[in-house]
């Protein structure tokens, strides 16, 4: 099995954040680097989701209550998209 390439990133942490990171690593039994990777991944996923929501909001506000809003094809497409996002871990 091929290993994924990894890159290092130096991130200076405050004493408090360093202590919290290592406390979570001990609690979970994971390496601190793994906890940090998971935290960064979760944070970026949340930011990406918020960016998508911000892009969709003006459209949703403009068309709320209109035939576009109530269009069955659009509704099904939206449900399919939500199901896929859920399957992908969003």
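Residue numbers (this note's numbering): 18 to 107. In this text, a Cβ means the ideal position worked out from N, Cα and C, and glycines have one as well.
Self-check item: C-beta contact flag for residue 38 and residue 52 at 8 angstroms
Solution: yes
Quiz item: Which residue comes first and which comes last in the alpha helix (DSSP H) that contains residue 85?
Solution: First-last for residue 85: undefined, no H or E at that position.
Quiz item: In the structure shown, what three-state DSSP assignment does residue 47 receive?
Solution: coil
Quiz item: Helix, strand or coil: which one does DSSP assign to residue 21?
Solution: coil
Exercise. Just tell me which of 32, 93, 58 has its CA closest to the CA of residue 106.
Key: 58
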